[in-house]
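Worksheet for the structure shown next.
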Amino acid sequence: MNSNNNYKDTSNPVVQVRDVWKIFGDRADEALTAIRNENLSKAEVLERFEAVIGVQDVSFDVQESEVFCIMGLSGSGKSTLVRHINRLIEPTHGDILIGGVDVGKLNPKELRLLRADRIGMVFQNMALLPHRTVRDNIAFALELRNVDAFTRMQVADKVIETVSLQGYGDRLPADLSGGMQQRVGLARALAADPEILLMDEPFSALDPLIRRGLQDEFLELSAVMGKTTLFITHDLDEAIRMGSRIAIMKDGVIVQIGTPEQIVTEPADDYVADFVQGISRLKLVFAHTVMLDPKAYEQSGGSLHGSEEWPVASSEADLDTLIGLSVNRDTPILIVDDGNRVGVVTKDVLLRGIQGEN
Numbered sequence: 425m426n427s428n429n430n431y432k433d434t435s436n437p438v439v440q441v442r443d444v445w446k447i448f449g450d451r452a453d454e455a456l457t458a459i460r461n462e463n464l465s466k467a468e469v470l471e472r473f474e475a476v477i478g479v480q481d482v483s484f485d486v487q488e489s490e491v492f493c494i495m496g497l498s499g500s501g502k503s504t505l506v507r508h509i510n511r512l513i514e515p516t517h518g519d520i521l522i523g524g525v526d527v528g529k530l531n532p533k534e535l536r537l538l539r540a541d542r543i544g545m546v547f548q549n550m551a552l553l554p555h556r557t558v559r560d561n562i563a564f565a566l567e568l569r570n571v572d573a574f575t576r577m578q579v580a581d582k583v584i585e586t587v588s589l590q591g592y593g594d595r596l597p598a599d600l601s602g603g604m605q606q607r608v609g610l611a612r613a614l615a616a617d618p619e620i621l622l623m624d625e626p627f628s629a630l631d632p633l634i635r636r637g638l639q640d641e642f643l644e645l646s647a648v649m650g651k652t653t654l655f656i657t658h659d660l661d662e663a664i665r666m667g668s669r670i671a672i673m674k675d676g677v678i679v680q681i682g683t684p685e686q687i688v689t690e691p692a693d694d695y696v697a698d699f700v701q702g703i704s705r706l707k708l709v710f711a712h713t714v715m716l717d718p719k720a721y722e723q724s725g726g727s728l729h730g731s732e733e734w735p736v737a738s739s740e741a742d743l744d745t746l747i748g749l750s751v752n753r754d755t756p757i758l759i760v761d762d763g764n765r766v767g768v769v770t771k772d773v774l775l776r777g778i779q780g781e782n
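Using this note's numbering, the first residue of the sequence shown is number 425, and each one after it goes up by one.
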């Protein structure tokens, strides 16, 4: 299961990031002015101002219930960026809005409420309390909010079931595997029922099979619970599996934002193209990207005569599905949506799509 083809721009974003810069150093403001006026490089900023550019002029929106992946190599700025969302880091310049509210203008009490009620965080290192049971670890955030003990335990038990940890509520973290500890961390974040989840490489330290299983479980939970999620990863395969959209970062800059299909079929530059070179297109590219318009098909010499006998697929069918329909057949595939013929996929079109020549 994945969320890759479910993105819809509702134009009603839950998270808005506007022109955010983060420059580390005592002369950050001076450095920012010089960057804008003189177009300085990172090396020049470091030399002249002893300042480091962590995030550079970043803007994006995250829609309700979207899994928005921020992907980049070590040092790209992805973790620095996500910590601005709940103001664990103050921006040098720019604004972060949650539900239209400017996080930078919140007073300390309002900021604590935002972090406690609306945003949950899941890290690679979960920092579980070793002397507390699984149930007590999960209930800890509610304890900090002065929720009564009975309600805390009720919520904890419900979330334990949600993340498939039944029977482990009375165990200590040391009794659990790494994958189970990550489930506890996720459950702790979910216990407060936040609107937004910030997940910073939560599965990267796990073995591949455990990691893939947790990815699947999270996607299922995400579909059911509808949490708006910012998911940080250094792994493009993981970003493609998890993300409704992906933002690729390099040196503090977002170089491309798009759906997994857009990232693979329309890389913005050579940097992105190098990343996606080894990615299989079969589950990421869909009929609507490669198909011919019926009129264009006929104008090129094709005929729709007898098309009622052709195999039929929707415009959301992936290349793998289209290949299955094309095997042992000489006819094209008719693409139909809502009873209307919207496209034709010939074998040549299909092969070009597989090769990346769409």
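Backbone N, C-alpha and C fix where the C-beta goes; we use that ideal spot for every residue, glycine too.
Alpha-carbon spacing of residue i relative to residue j, whole angstroms
i: residue 593; j: residue 559; result: 5 Å
i: residue 573; j: residue 512; result: 29 Å
i: residue 506; j: residue 454; result: 24 Å
i: residue 556; j: residue 623; result: 23 Å
i: residue 654; j: residue 742; result: 26 Å
i: residue 427; j: residue 466; result: In this prediction, residue 427 has a pLDDT of 45, which is less than 50 and means its spatial position is unreliable; what the coordinates show is noted afterwards. Those two C-alpha atoms are separated by around 36 Å.
i: residue 436; j: residue 753; result: 45 Å
i: residue 430; j: residue 535; result: The predicted position of residue 430 is uncertain, since its pLDDT is 49 and thus under 50; a value taken from the coordinates is nonetheless stated next. Cα-Cα distance, rounded: 32 Å.
i: residue 496; j: residue 672; result: 6 Å
i: residue 658; j: residue 698; result: 14 Å
i: residue 647; j: residue 451; result: 45 Å
i: residue 740; j: residue 750; result: 16 Å
i: residue 539; j: residue 510; result: 6 Å
i: residue 733; j: residue 488; result: 41 Å
i: residue 690; j: residue 492; result: 18 Å
i: residue 523; j: residue 545; result: 18 Å
i: residue 677; j: residue 516; result: 15 Å
Residue i (DSSP reduced to helix, strand or coil)
i: residue 777; result: helix
i: residue 595; result: coil
i: residue 613; result: helix
i: residue 429; result: Any answer about residue 429 is weak, because its pLDDT of 47 lies below 50 and its placement is not dependable; what the coordinates show is given next. Coil at residue 429, not helix or strand.
i: residue 483; result: strand
i: residue 642; result: helix
i: residue 559; result: helix
i: residue 565; result: helix
i: residue 446; result: strand
i: residue 627; result: coil
i: residue 517; result: strand
i: residue 715; result: coil
i: residue 602; result: helix
Beta-bridge partners of residue i, as assigned by DSSP
i: residue 622; result: 545, 654
i: residue 764; result: 761
i: residue 682; result: 670
i: residue 608; result: Beta-bridge pairing links residue 608 to no other residue.
i: residue 742; result: 710
Assumed close pair residue i, residue j - CB separation to whole angstroms, cut-off 8 Å
i: residue 681; j: residue 669; result: 6 Å
> For the 8 Å Cβ check, are there 3 or more pairs between the segment 577 to 593 and the segment 538 to 553?
Replying inline: no
> Do the segment 595 to 602 and the segment 562 to 581 meet, that is, are 3 or more Cβ pairs less than 8 Å apart?
Replying inline: no
> On the three-pair Cβ rule with 8 Å, is the segment 461 to 475 touching the segment 635 to 653?
Replying inline: no
> Does the pairing of the segment 631 to 638 with the segment 559 to 569 give three or more beta-carbon distances under 8 Å?
Replying inline: no
>> Quick check: the segment 437 to 453 against the segment 478 to 486, are at least 3 beta-carbon pairs closer than 8 Å?
In response: yes
>> Three Cβ pairs or more, each shorter than 8 Å: is that satisfied between the segment 758 to 769 and the segment 694 to 712?
In response: yes
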